[in-house]
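Peer 1: The sequence shown begins at 123 in my numbering and counts up one residue at a time.
Idealized CB from N, CA, C, for every residue including glycine.
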Amino acid sequence: MRNDALREYKFKLYLNANHFVIFNGEKGESHPHTWEFVIEVLVDKDKFIKFLDFEKAIDEYLEPYQDKLINDIEPFDHVIPTLENMMDYFAPHFYEEVKKIGGLLIKIEASETPSRTYIYSFRGRDEYLNDLQEHTRNALGNIIHSIVEESINEE
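1. According to the neighbour-count rule (16 or more other Cβ atoms, all chains shown, within 10 Å of its Cβ), is Leu174 buried or exposed?
2. I'd like to check one pair, Asp181 with Lys221: are the Cβ atoms closer than 8 Å?
3. Do Leu226 and Leu135 count as a contact pair if the criterion is CB distance below 8 Å?
4. To which residues of the same chain is Asn260 closer than 7 Å at the C-beta, ignoring the five residues directly before and after it?
5. Output the distance between the C-alpha atoms of Glu151 and Ile266, rounded to the nearest integer angstrom.
6. Following the continuous alpha helix (DSSP H) through Asp175, name the residue where it begins and the one where it ends.
7. Using DSSP's beta-bridge definition, name the partner residues of Asp166.
8. Alpha carbons only, please: which of Trp157, Tyr131, Phe198, Phe145 is nearest the one belonging to Ser237?
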């Protein structure tokens, strides 16, 4: 018999784009990055998972930003596209994309270099806690159903 109701997965996705930042009123030079996003997702253990679905959903969301100057795209035409600002904007959208597929986004690690990572966590947020409770309830219901089915089939 299985001992947990949920499985946890990690996916790595990438955004290749340019940006510039403004510090103390001075515009820096436009420069390229390959931003890495590591998303951690919970899925009901009994649910068949297509990795490609999660990757495709986030890639499609990021598509308008790929190979562009981020500063030219809303909201970064008026919000400085720092790693933190970008992640604070993208995170709720990633959450909804993952949720549409049946997963629950736990956290995102966003990196602009291998040594600089910003972590955006959904733990403790009301929507996450409500969704986690629902996933757990569904997964436990599936486990109970399986146990009952096994008991019936043994008789």
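Peer 2: Working from what's here:
1. Counting from one through the sequence shown, the residue named residue 174 turns up at place 52. Under this definition Leu174 is an exposed residue.
2. For the purposes of this step, residue 221 is identified with residue 99 of the sequence shown, where counting begins at 1. For the purposes of this step, residue 181 is identified with residue 59 of the sequence shown, where counting begins at 1. No.
3. The count along the sequence shown starts at 1 and reaches residue 135 at position 13. The count along the sequence shown starts at 1 and reaches residue 226 at position 104. The answer is no: Cβ separation not under 8 Å.
4. The residue labelled residue 260 in the question sits at position 138 within the sequence shown. Asp166, listed in sequence order.
5. Position 29 of the sequence shown, counting from 1, holds the residue named residue 151. Position 144 of the sequence shown, counting from 1, holds the residue named residue 266. Each residue's Cα considered, the two are about 59 Å apart.
6. Walking along the sequence shown from the start, residue 175 turns up at place 53. Segment 173–184, the alpha helix (DSSP H) holding Asp175.
7. Walking along the sequence shown from the start, residue 166 turns up at place 44. Asp166 is bridged to Leu128.
8. Indexing the sequence shown from 1 puts residue 237 at position 115. When each option's Cα is compared against that of Ser237, the closest is Trp157.
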